[in-house]
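I have placed the structure first, in the form of structure tokens, so that the comments after it can refer back to it.
Numbering (the numbering used here), first residue to last: 6 to 63.
Encoded structure:
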């Protein structure tokens, strides 16, 4: 049976690990969505450059 101080240390490490893990997942998801929308915009602008220039000015 682990002592109470060991349990505090273990739970602290678990909390820190989970926090970093969740933040990393959020960041990677955000980057993935960002690059996907950027890719879509670039592809769209290549297909129709006139409309792209128009949308930039609006």
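Where a beta carbon is used, it is the ideal one built from N, C-alpha and C, also for glycine.
(Q) Please report the straight-line C-alpha distance between residue 15 and residue 33, rounded to a whole angstrom. (A) Within the chain shown, the letter at position 10 stands for residue 15. Within the chain shown, the letter at position 28 stands for residue 33. Roughly 27 Å between the two C-alpha positions.
Exercise. In three-state DSSP terms, what is residue 8?
Worked result: Against the chain shown, residue 8 aligns to sequence position 3. If DSSP states are grouped into helix, strand and coil, residue 8 belongs with coil.
What's the gap between the Cα of residue 25 and the Cα of residue 59? The residue labelled residue 25 in the question sits at position 20 within the chain shown. The residue labelled residue 59 in the question sits at position 54 within the chain shown. Taking the straight line from one Cα to the other gives about 42 Å.
Checklist entry - Just the Cα atoms here: how many angstroms apart are residue 61 and residue 55? => result Within the chain shown, the letter at position 56 stands for residue 61. Within the chain shown, the letter at position 50 stands for residue 55. If I take the Cα positions, the gap works out to 10 Å.
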